[in-house]
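Novice:
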Amino acid sequence: MNSPLIANSNSMPQQQSVHGSYNMGSSQILKELIALSTEHEEFSLESGETDFVDQVISRKHLRKLLTALQARDASTLCHSRRVAFLAKGIATNLGWEGIHLKRLEIAALLHDIGKIGVPDHIMLKPGKLTSDEIELMSHYHNIGIDVLQACQTDHEVLTILSQTRYHFSGATNGFQYIGSDVHQGARILAIADAYDSLATDQVYRAGKKHDEIMAILMEAAGTQFDGNIVCALSRWEQNEQDVFHDALLEVNRLYQPKPFSEQEAQEANLINNIFSYLFQIESLYDGFYIVNADFQFLLFSPGLEKLADIRAIDILGEAWTANSLPLTNKEGTSLTRAECSMNRVIANGKPMTTEFMLERPGGRLINIEVQSVPMFGEDGHLMGIAEIYRDLSRGLKRPQEFNDLKQAASMDALTSVANRGELETQLAIMLSRFNKETDPTPLSLMFIDADHFKNINDSYGHSVGDDVLVEMARLFQHETYSGELVGRYGGEEFVILCPETDLEHAVKKAERLRLAVSNLKLEKLEKTGLSASFGVAQVEEGDSVESLFRRADSALYHAKETGRNKVCSLTSHQLLSGIDPISDSVETTVDEMVFENTFQALISSDIIVYKLGGFVNDNGAKLTEVNTNRAVMQLGKSGLLPFWGKTDDRKPVEVEVEFGCAAKKANSNSRSSTPRVDVMIRITPQGWVKKPQLFQQRANRVYRLLKDYFAAE
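Residue numbers for the sequence shown follow the UniProt record's numbering, beginning at 1 and rising by one.
This is the structure we're talking about:
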């Protein structure tokens, strides 16, 4: 039984609007794809232009595609032009020139061209996409490459676009392309695209400032992005600051939407119809290809590349043969000429559906359905053939009801992020992969608790408390950019799984999220501020789901016990040795080169100065100022140079100690008979510290030393 996608129809009703549809039959649309290829050959013969554009893509095709994108969504076209400006500028600063620079610029202009085919209800949806909508949205990248292949676009442009989504670490492409294996143009384009997306106002957040964006990009350097290219972007902006920002504004001004001519509207409608049809194919099937009347491959979709393990760049322009794809009959033997569906549809001139076996890498055979569609011109001559593939071994698309049940089973009902069961399931999968790999990529986990949440519920009611949790979940989703999984663990607790992230980078991410929560404003909370405490741990050899959660939970507990609104991290060595987790932020600290915290000393106020004198003598400190409620000392010694290196346990710091009145008596269940004095500690470095985390580690050790000396709690 033939699919409705291969029904033959040559009728073409009048266009309705620029956003409308010709309602063309699928066979006619496939013929239009072949026509794009033919037009390119004609343009190449006729063009007298010698600039680089026509060597990369037909100028007429480029104009048609960009006009259609403007008709579909003018804001996406503006975004593409800004990304092209950024990509070209970064590449120029890296020494690119000539046709290579033009290829990158055109790749950037066309990187979102596939969005023409995304339906309105997904493309223009103001709220959060469902899992099904996200899956459908993901097809636009492949659709764009499909059309650009048909337009005979330069192969380097296709390579750049096909690799733009590859992470620098190789984790998103099965580690086939790691680091510099990924085309440098793709690495540049990924950063330019991310920069403009972060800088642009979105429905769910305002655009970010340059410094915020660079911090996010640097945070993902070495994992998602190439750090050298991020630095090149930073240098460019620093060297030409005014030009850089003014030029971005000028791009918006120069390329405002313009009215269409009647011909442009017709062409945009036709392009829109082609993209919409390809969206259906990409959504329903696993891949397809098109050959022309000379049996040369004009189009070989990314889905078919993955399914058949064949690179499009190696097969486009080549002649089709019975051995072009690794197909066999049901018995697993090579197809005879008579068994080839291509030959059979040429003989009878009608579409047909056939089942074959396809050999996967390693020799495994899977069951494949192939729909073969011959296309003839008005004169009856063969124009080309399309063959559409579906992997029968994975079954049909799951019914919507099943998707809804699966989504309900894995999603938290209140916040719409992953629930506890889904978090534990995904972490178990990641841990299994980690333990099987000989050189696994790092994986970290954040455990997060909303501070003083009970007070919010008690003061404002549970409905406002629910709003707080929803907003926090939304913030965590929008502020994570590198494949993290956000979930609600229960109550006011959240968990974020961070693949490809070691402990140091996970702590930096957590600190950025902590600050974002602190800046979150909710009208219903009036003047009450929000904050959250974070515990961070990295997967280590031998870890289970339980041990990793336990370690992150211990770090979180320490963050809450030592003042809240901070990030603490913990390794298994620290846990086993009884060492306190490292605290990486403090509630009252804004400057990374100032450490502040408080504790209660379990001594009477009249002997605290004497106790402090003992600390000075025992630790070789130098007391520079002292009175009844304040003391300043210098601890540690500097070397010949005033720089802090990697081993700085004794580097000099200034320690300011303020001791106030006796603390209020605790409740009847505490050691109420023991006197207490509030002690505030402020620590600043002496000398030049290049890395704030070195100072913070040193300051934490000094702080713990003081707490132990005063028997503090």
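Backbone N, C-alpha and C define an ideal beta-carbon position, used for all residues, glycine too.
Return the chain-ordered list of same chain residues with a C-beta closer than 6 Å to the C-beta of F402, the five sequence neighbours on each side being excluded.
Specialist: Low confidence applies to F402: its pLDDT is 45, below 50, so where it sits in the model is not reliable enough to give any reading.
Novice: What does the Cβ neighbour count give for A428, buried or exposed, with the cut at 16 atoms within 10 Å?
Specialist: exposed
Novice: Which residue comes first and which comes last in the beta strand (DSSP E) that contains G535?
Specialist: 532–538
Novice: Taking only the alpha-carbon atoms, compute the straight-line gap between E492 and G98 and give it to the nearest angstrom.
Specialist: C-alpha separation (whole angstroms): 56 Å.
Novice: Leaving aside the five residues before and after Q149 along the sequence, list all residues of the same chain whose C-beta is less than 6 Å from its C-beta, in chain order.
Specialist: L299
Novice: Quick check on the DSSP output: the beta strand (DSSP E) that includes R682 runs from which residue to which?
Specialist: Its beta strand (DSSP E) spans residues 677–685.
Novice: Using a threshold of 8 Å, state whether the C-beta atoms of V495 and L556 are closer than that.
Specialist: no
Novice: On the criterion of 16 or more Cβ atoms from any shown chain inside 10 Å, does P581 qualify as buried, or is it exposed?
Specialist: buried
Novice: In the structure shown, what three-state DSSP assignment does R488 receive?
Specialist: strand
Novice: Q426 bridges to which residues according to DSSP?
Specialist: None; Q426 has no bridge partner.
Novice: Rounding to the nearest angstrom, what Cα-Cα distance links M123 and G636 in this structure?
Specialist: 60 Å
Novice: Identify, in the order they occur along the chain, each residue of the same chain with its Cβ nearer than 6 Å to the Cβ of Q163, setting aside the five sequence neighbours on each side.
Specialist: V182, H183, A186
Novice: Taking the beta strand (DSSP E) that T441 falls in, what are its first and last residues?
Specialist: Per DSSP, T441 belongs to no beta strand (DSSP E) and is neither H nor E.
Novice: From the DSSP output, in three-state form, read off D256 for me.
Specialist: Before going further, note that residue 256 is Gln rather than Asp in the sequence given. It is coil, neither helix nor strand.
Novice: Measuring CA to CA, which of A418, Q600, A631 is closest to V616?
Specialist: A631
Novice: Three-state secondary structure (DSSP) at A699?
Specialist: helix
Novice: Give the C-beta separation of D449 and K560 to the nearest angstrom, bearing in mind that I take them to be a contact with Cβ-Cβ under 8 Å.
Specialist: 6 Å
Novice: Beta strand (DSSP E) containing V567: first to last residue?
Specialist: 567–569
Novice: Following the continuous beta strand (DSSP E) through L623, name the residue where it begins and the one where it ends.
Specialist: 622–626
Novice: Taking just the CA atoms, how far does E596 sit from P685?
Specialist: 12 Å
Novice: Please report the straight-line C-alpha distance between K88 and H167, rounded to a whole angstrom.
Specialist: 20 Å
Novice: Tell me whether T321 is buried or exposed, calling it buried when 16 or more other Cβ atoms sit within 10 Å of its Cβ.
Specialist: exposed
Novice: Are the CB atoms of M430 and L515 within a distance shorter than 8 Å?
Specialist: Using a Cβ distance threshold of 8 Å, L515 and M430 do not count as a contacting pair.
Novice: Check whether the Cβ atoms of E250 and H210 sit closer than 8 Å, and answer yes or no.
Specialist: no
Novice: Just how far apart, CA to CA, sit A232 and Q241?
Specialist: 13 Å
Novice: Going by DSSP, what residue range makes up the alpha helix (DSSP H) through T67?
Specialist: 59–72
Novice: Can E305 and S341 be called in contact, C-beta distance under 8 Å?
Specialist: no
Novice: Would you identify the three-state DSSP class for L497, choosing helix, strand or coil?
Specialist: strand
Novice: Look at the alpha carbon of A666 and the alpha carbon of Y709, and state the distance between them as a whole number of angstroms.
Specialist: In this prediction, A666 has a pLDDT of 40, which is less than 50 and means its spatial position is unreliable; what the coordinates show is noted afterwards. The straight-line gap from Cα to Cα measures roughly 22 Å.
Novice: Could you pull out every residue in the same chain whose Cβ sits closer than 8 Å to the Cβ of L525, ignoring the five residues on either side in sequence?
Specialist: I456, Y460, V464, V468
Novice: Looking at the strands, I want to know which residues DSSP matches up with P351.
Specialist: According to DSSP, P351 bridges with nothing at all.
Novice: Please classify G362 as buried or exposed, where buried requires at least 16 other C-beta atoms within 10 Å of its C-beta.
Specialist: exposed
Novice: Got a sec? Which residues, its chain only, sit under 6 Å from K115 by beta carbon, not counting five neighbours each side?
Specialist: T76, Y140
Novice: Evaluate D543 with the Cβ neighbour count: other Cβ atoms within 10 Å of its Cβ, from every protein chain shown; 16 or more gives buried, anything less gives exposed.
Specialist: Counting Cβ neighbours within 10 Å, D543 comes out buried, since at least 16 surround it.
Novice: Let's see if you can read the secondary structure: which residues bound the alpha helix (DSSP H) around T159?
Specialist: 155–163
Novice: By alpha-carbon positions, which one of H155, I290, I90, Q256 ends up nearest to D193?
Specialist: I90
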